[in-house]
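Trainee: Every letter in the sequence shown is one number past the one before it in numbering that gives the first Met the number 0, and letter 170, counting from 1, is 169.
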Amino acid sequence: MNKSENIIEIKGLKKSYDNGKIKALNGMDLEVKEGEFISLMGPSGSGKSTLLNMIGALDRADEGFIKVAGIDLMTAKDLNKFRSQEIGFVFQMHNLIPNLSVVENVEIPMYETKLSGKEMRERALELLELMNFSNLSDIINQNPTKLSGGERQRVAIARALVNHPSIVLADEPTGALDSKTGDTILNILKDLHQKENVTIVLVTHEPYVANMAERIFKMLDGKIVEEKKI
Ligand SMILES: Nc1ncnc2c1ncn2[C@@H]1O[C@H](COP(=O)(O)OP(=O)(O)O)[C@@H](O)[C@H]1O
Ligand SMILES: [Mg+2]
C-alpha cells in the first residue's frame, strides 16, 4: 500500500445498541491515509470508542461501508488474522494480565504467529526497550500489578506494537496518567508515526494532545461534524 492510499475508508457507517434505541454511529464518514496521524474529539457518548471498535473489528457495524487495510470488514468472515496483524489497541485501562510477567504480557499477541519462543522473547524485549524504561531489567519479570500506571501503559503499548501493526488505535491512552507520564507515552506514539509510518487514530479530550495529530476530527451524535488540519 502506498502513502496516498486510504488505509481506513468508512462511508455511511451505522451502529446501534439496545435494539436501535441508541444510535452510537449514525452515518459516519471518514477517510484516513496510510501513515496519517489523526485525532478524534467529541463529548462523551458521541461514538468515539464505538468507531475504534469498528475500525479494529472488535465488533461489527449494522450498515454502511468500512474497509481497513484492504479488508472489507462488513463481509470478511475471519477477522482474527486482521486484528492480530494489522491493529494495535491501546486503551485507557491497559488490561494487562495480572498473573503473567511484564515480558509474557508483551508476548501474548505473538502466540498466533509462527515465531519460536526465543524469537518471541527477543521481539518482546526489543519493544520494551523502545518504551523508555530506566529500570527495564528490574521489571521484565515482575507482574504488572507491581508497576506504576505509566509503566503499565508503556507495557500495554509495547504489547500493542509487537506484531508490527499498520494501525494503532489509542482510546484516551493518557487519560488515567499524570501529565509527565502522559507526555512520555504521547512521544512514543509520535515517534512511531514519524519513524515507522504507523497510522495512528487517537481519541482524546485534551486539545493539546489532539494537536499532535495532522488532522483533528470532532464527533457529535455518531458523526463527524468538524475537521481541522494542523
Ligand atoms: N456495548 C454497548 N451497549 C449499549 N450501549 C452502548 C455500548 N457501547 C456504547 N454504547 C452507547 O453508545 C453511545 C456511544 O458510546 P461510545 O462510543 O462509548 O462514545 P464515546 O467513546 O464517544 O464516549 C453511548 O450512548 C453509549 O452509551
Ligand atoms: Mg469512549
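A virtual CB, placed ideally from N, CA and C, is assigned to each residue, including glycine.
Since this is a predicted model, take the numbers as computed values, not measurements.
Tell me whether LYS20 counts as near ligand 2, meaning its Cβ is closer than 7 Å to at least one heavy atom of that ligand.
Mentor: Sequence index remark: in the sequence shown, residue 20 carries index 21 (1-based). No, Cβ of LYS20 sits at least 7 Å from all heavy atoms of ligand 2.
Trainee: If you run the structure through DSSP and keep just helix, strand and coil, what is LYS13?
Mentor: Within the sequence shown, the letter at position 14 stands for residue 13. DSSP places LYS13 in strand when its eight states are reduced to three.
Trainee: Starting from ARG214, follow its DSSP beta bridges and name the residues at the other end.
Mentor: Against the sequence shown, residue 214 aligns to sequence position 215. BP columns for ARG214 point to ILE37, LYS228.
Trainee: Closest to PHE88 by CA distance: which of THR112, VAL208, LYS76, VAL154 is it?
Mentor: Against the sequence shown, residue 88 aligns to sequence position 89. PHE88 has its Cα closest to that of VAL154, out of THR112, VAL208, LYS76, VAL154.
Trainee: Going by Cα to Cα distance, which pick from LYS194, VAL200, VAL208, GLU195 is closest to THR173?
Mentor: Within the sequence shown, the letter at position 174 stands for residue 173. Nearest of LYS194, VAL200, VAL208, GLU195 to THR173, Cα basis: VAL208.
Trainee: In angstroms, rounded to a whole number, what distance separates the CA positions of PRO206 and MET119?
Mentor: Translated into the one-based positions of the sequence shown, residue 206 becomes position 207. Translated into the one-based positions of the sequence shown, residue 119 becomes position 120. The C-alpha of PRO206 lies about 37 Å from the C-alpha of MET119.
Trainee: Near ASP58, which residues of its chain fall below 7 Å by C-beta distance, leaving aside the five closest residues on each side in sequence?
Mentor: Within the sequence shown, numbered from 1, the residue matching residue 58 stands at position 59. Closer than 7 Å at the Cβ level, and outside the excluded window around ASP58, lie ASN52.
Trainee: What is the C-beta distance between ALA68 and ILE166, in whole angstroms, given that I count them as a contact (C-beta under 8 Å)?
Mentor: Here residue 68 is taken as the residue at index 69 of the sequence shown, counted from 1. Here residue 166 is taken as the residue at index 167 of the sequence shown, counted from 1. With a Cβ gap of about 7 Å, ALA68 and ILE166 count as contacting.
Trainee: Does the Cβ of VAL101 have 16 or more other Cβ atoms within 10 Å, making it buried, or fewer, making it exposed?
Mentor: As a working mapping, residue 101 is identified with position 102 in the sequence shown. It counts as buried.
Trainee: Helix, strand or coil, according to DSSP, for LEU99 in the structure here?
Mentor: Within the sequence shown, numbered from 1, the residue matching residue 99 stands at position 100. Coil, per DSSP.
Trainee: Determine the DSSP secondary structure at LYS2, reduced to helix, strand or coil.
Mentor: For the purposes of this step, residue 2 is taken as the residue at position 3 of the sequence shown. The pLDDT assigned to LYS2 is 49, lower than 50, so where the model puts this residue is not dependable, and the model offers no usable value.
Trainee: If we ignore side chains and look at the alpha-carbon of each, how far apart do PRO42 and GLY116 end up?
Mentor: As a working mapping, residue 42 is identified with position 43 in the sequence shown. As a working mapping, residue 116 is identified with position 117 in the sequence shown. Computed Cα separation, rounded: 44 Å.
Trainee: What are the boundary residues of the beta strand (DSSP E) that ASP28 is part of?
Mentor: Here residue 28 corresponds to residue number 29 of the sequence shown, with the count starting at 1. Note, ASP28: beta strand (DSSP E), 21-32.
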